[in-house]
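Contents: one structure, followed by commentary.
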Amino acid sequence: MPTLTHKTSRKPRLGTRGQPEQTRAAILDAAMREFAEEGVAGARTDAIARAAAVNKALLYYYFKDKETLYGAVLDHVFAGLTERVLDVLKHDLPPKEKYLAYVGAHFDYLASNPRLPRIVQREFMRAGRTASPHLRRIADRYLRPIFMGVSSVLREGIERGDFRSVDPAQFISSTVALIVFYFSSSMVFARMVPGDPLSPERIAARRAAVLDFISAALFQNSHSPEAPAEKRSQKGTQP
Numbered sequence: 440m441p442t443l444t445h446k447t448s449r450k451p452r453l454g455t456r457g458q459p460e461q462t463r464a465a466i467l468d469a470a471m472r473e474f475a476e477e478g479v480a481g482a483r484t485d486a487i488a489r490a491a492a493v494n495k496a497l498l499y500y501y502f503k504d505k506e507t508l509y510g511a512v513l514d515h516v517f518a519g520l521t522e523r524v525l526d527v528l529k530h531d532l533p534p535k536e537k538y539l540a541y542v543g544a545h546f547d548y549l550a551s552n553p554r555l556p557r558i559v560q561r562e563f564m565r566a567g568r569t570a571s572p573h574l575r576r577i578a579d580r581y582l583r584p585i586f587m588g589v590s591s592v593l594r595e596g597i598e599r600g601d602f603r604s605v606d607p608a609q610f611i612s613s614t615v616a617l618i619v620f621y622f623s624s625s626m627v628f629a630r631m632v633p634g635d636p637l638s639p640e641r642i643a644a645r646r647a648a649v650l651d652f653i654s655a656a657l658f659q660n661s662h663s664p665e666a667p668a669e670k671r672s673q674k675g676t677q678p
């Protein structure tokens, strides 16, 4: 009597071509960490492959070379920010609330992964020294829509008398610097102020301070609508 053999279906494991989305995501996550720490020149694809639990051949199957992988990381970083910010800007809110919502969304995106500012900063510095193959794409595809949307909020607020008569380009630049600098310089702050600058409590305090500063600098009257809920409860924790 013939014996029946039962075939068991096996899920493709991570690190093979059988799970392309998960494998690609694992490579991007590992590459993000490596590029943030080492930059493009210092990053090693074998370290990225090892951290992603794939072999180098598979890494090159998804990304033909290190520069292509780096470009994919930049796209991933800026696409996430653009999606988060534009989602906020499309809401029907008064200018004061919308601008603070934008600031909060931008801040929260960086707080969710504090490595991101280092990757962005390295790319901008690199673009200043060499002709970056990515900068124009990043500016046109991701940064310009954010800039135009935030500029529109500022112009509306100025016309309504809610905002001071600021130069949108200058104020947006100042806003971004206020959001980003804390994260890109967190290691310095850790040496000046006791405690972990990236702890949830310190990040919450910094977020409140940023919103308060923006409100004071931009609004014609009053403080932020969020001020009562966003008061800094840990005085002396911010540099």
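Here the sequence shown is numbered in my numbering, starting from 440 and rising by one per residue. Every residue gets a Cβ at the ideal spot worked out from N, C-alpha and C, and that includes glycine.
| Spatial distance of residue 445 from residue 494 (CA atoms) | Note that residue 445 has pLDDT 45, beneath the 50 cutoff, so the model's placement of it is unreliable and the number below is only indicative. When rounded, the distance between both Cα atoms is 32 angstroms.
| task | Alpha carbon to alpha carbon, how far is residue 597 from residue 500? Give it in angstroms, no decimals. | result | 51 angstroms
| task | Report yes or no: do three or more beta-carbon pairs, one from the region 609-620 and one from the region 641-658, lie closer than 8 angstroms? | result | yes
| How would you write the range of the alpha helix (DSSP H) that residue 573 sits in, first residue to last? | Unbroken run through residue 573: none, as it is neither H nor E.
| query | Taking just the CA atoms, how far does residue 625 sit from residue 643? | reply | 14 angstroms
| query | Do you know how far the Cα of residue 538 is from the Cα of residue 678? | reply | Any reading at residue 678 must be qualified, since the residue scores a pLDDT of 48, below 50, and its modelled position is unreliable; the value itself is stated next. Cα to Cα, residue 678 sits roughly 24 angstroms from residue 538.
| request: Have a look at residue 607 and residue 550 and give me their C-alpha separation to the nearest angstrom. | output: 25 angstroms
| field | Same chain, Cβ closer than 8 angstroms to residue 558, neighbours up to 5 away in sequence not counted | value | 471, 474, 475, 512, 513, 516
| query | At what residues does the alpha helix (DSSP H) containing residue 545 begin and finish? | reply | 534-551
| query | With distances taken from CA atoms, which of 601, 548, 526 is nearest residue 584? | reply | 526
| task | Tell me, please, which residues DSSP counts as bridged to residue 602. | result | 658
| query | Where does residue 649 sit, in a helix, a strand or coil, going by DSSP? | reply | helix
| request: Go ahead and pull the three-state DSSP assignment for residue 492. | output: coil
| request: List the whole-angstrom C-beta distance separating residue 645 from residue 634, where the pair is believed to meet the contact cut-off of C-beta under 8 angstroms. | output: Residue 645 to residue 634, Cβ: 12 angstroms. No contact.
| Could you give the residue range of the alpha helix (DSSP H) that holds residue 515? | 505-528
| Rounded distance between the beta-carbons of residue 602 and residue 659, thought under 8 angstroms | 6 angstroms
| field | Distance, residue 485 Cα to residue 521 Cα | value | 31 angstroms
| Is residue 589 near residue 534, with beta carbons less than 7 angstroms apart? | no
| task | Measure from the alpha carbon of residue 576 to the alpha carbon of each residue in 510, 461, 604, 477, then state which is nearest. | result | 510
| So, residue 572 versus residue 623, is the Cβ gap smaller than 7 angstroms? | no
| field | Cβ-based neighbour list, residue 469, same chain, cut-off 7 angstroms, excluding 5 preceding and 5 following | value | 487, 490, 491
| field | Run of the alpha helix (DSSP H) containing residue 459, from where it starts to where it stops | value | 459-481
| task | Select from 542, 553, 464 the residue whose C-alpha is nearest the C-alpha of residue 653. | result | 542
| message | Could you tell me the alpha carbon to alpha carbon distance between residue 613 and residue 639, rounded to whole angstroms? | response | 24 angstroms
| query | In this structure, does DSSP put residue 445 in helix, strand or coil? | reply | Its pLDDT being 45, under 50, residue 445 is placed unreliably in this model, and the coordinates cannot settle the point.
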